[in-house]
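Data first, discussion second: the structure below is written as structure tokens.
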Amino acid sequence: MQAKGKALPRRRPVARHPGIYYRPRPGGKVGPPYEIPYLDSSGTRRWAIVHGSLDDAEAKRAELRLRRRRGERIQPTRQTFEQYAREWLERLDARERTKQVHTWGLEQHLLPYFGRRRLDQISVDDIAAFIALMRSKGLRGSTITTALRPLSIILAQAARRGRIPLNPMSQLERGERPKLDDQRPKRILTLEEMRALLDGADSERYRCLLELLLTAGLRIGEALGLAVCDLDRTHSLIRVEYQLGRDGTRTPLKTKESRRAIDIPPQLMRRLVALVAERGALFDPGALVFASRNETGVVRKVAREALKRAVKAARIAPPEPTLHDLRHSHASMLIALDVPVVDVQRRLGHRKPDTTLRVYAHQWKEREARRSQVGEQLGQLFDRRRELTARNVTPLALPPARSHA
């Protein structure tokens with residue numbers, strides 16, 4: 031921050047870049063931040079600050095000129111980040127869980143750091159410093175990404191509405207963004223471990239739940255949200271259209287791709303029906319398949335504890351699998367069975383096949399390696415050459431290597 035009473039260096043135009051200015055650094059060097067003059071919607075002359083390269087400054091100048099020609103609103107704000115963020119959160123039309131996650135990111139991380147700053151004075155360097163601070167605290171990349179999401183949405187909206195000249199999040203360099211390579215690796219169960227896990231379940235209800243996760247690949251919320259009306263006993267199908275939220279309410283799934291019908295083993299369907307019939311709820315379409323003693327939904331913590339007991343009873347080697355690892359194990363089985371990627375995507379409820387290929391890239395690579403016969407063919411070729419050489423027969427010459435010069 032500039033010391034009180036000390037004047038900033040005068041702006042100077044950047045040579046061969048009309049309309050872009052800079053304030054000389056010590057030694058007279060030209061460099062960011064660059065400043066671009068423009069007229070806002072009220073006709074007031076203002077300056078946009080670009081913390082980036084000259085190319086970024088040129089792009090910003092072109093964007094501002096285009097927006098003015100289109101008649102778009104360009105009106106900077108004097109609001110602090112906290113004022114704008116709380117207004118945004120109040121207007122947000124999203125699921126309750128989404129609101130909870132955004133509120134967590136704001137209250138726990140963003141508002142303590144950015145809250146008192148003016149929205150139009152948050153720079154890309156400020157955001158990069160914030161990410162570096164979170165990393166220094168030992169927070170995982172996924173946690174940092176989740177905390178940054180409301181900041182990105184707020185700044186993008188403010189830029190679109192002309193409250194700030196540009197979204198500084200878009201100027202982050204690749205190395206400054208949070209990395210997700212510190213995520214916990216997937217724990218894929220073997221068939222023997224799956225059987226042992228199911229045998230280790232301490233009740234029929236939890237055995238059915240774990241088996242459903244393994245054979246249908248459902249997310250835990252989807253499994254706990256299944257109701258009697260979702261069971262097609264005739265065709266051994268389950269309709270996955272709802273999930274059980276963390277607040278215990280049954281809510282529709284977000285995307286059309288996540289809403290799907292999945293076939294399950296007929297014997298598992300019979301046991302699910304028996305589970306509901308035992309409670310006398312078979313003819314209640316809205317009754318949950320997995321319910322507590324008071325007919326409310328099973329909370330995720332209880333399901334996690336049931337899995338831990340089964341893992342302990344089965345003596346499964348560490349690392350201990352999570353409920354979501356059962357879904358990963360299901361996907362791994364499908365890939366090993368050569369199920370086409372589009373069918374795997376539809377069964378898992380991914381939005382597009384690219385998501386499936388990205389999430390399970392390692393499993394696809396392993397499958398392709400197993401299917402490849404190149405190693406076997408090379409081995410046969412060299413064995414044949416040895417055999418011919420031993421019989422004093424001149425083997426066929428290998429084709430010469432191509433020159434890449």
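Numbering (the numbering used here), first residue to last: 31 to 435.
All residues carry an ideal CB built from backbone N, CA and C; glycine is no exception.
Ranked by Cα distance from H81, the first of P195, A162, Q297, K167 is P195. A Cβ-Cβ separation of about 5 Å places G278 in contact with G327 under the 8 Å criterion. The segment 257-268 and the segment 378-397 do not touch, with fewer than 3 CB-CB distances between them shorter than 8 Å.
Considering only P296, Y143, L243, L221, the residue with the shortest C-alpha distance to A366 is L221. Our two residues, S83 and L119, have alpha carbons roughly 33 Å apart in a direct line.
With a 10 Å radius around the Cβ and a threshold of 16 neighbouring Cβ atoms, P282 comes out exposed. Runs of the beta strand (DSSP E) lying entirely within the segment 47-72, each at least 3 residues long, are 64-69 in chain order. Of all alpha-carbon atoms in R400, G409, L364, the one lying nearest the alpha-carbon of L387 is that of L364. When DSSP states are grouped into helix, strand and coil, I79 belongs to the strand group.
Here I250 is not near H392, since their CB atoms are 8 Å or more apart. Closest option to T245, judged by alpha-carbon separation, among L356, D314, P142, L94: L356.
Inter-residue distance for L210 and A158 is about 16 Å (C-alpha atoms, whole angstroms).
Going by C-alpha positions, F412 is about 21 Å away from R400. Using a 10 angstroms sphere on the CB of V319, the tally of other CB atoms reaches 16 or more, which defines it as buried. The beta carbon of Y51 sits closer than 6 Å to the beta carbons of R41, P43, E65 from its chain, once the five residues preceding and following it are set aside; these are given in chain order. Take the alpha-carbon of A307 and the one of L243: they are about 21 Å apart.
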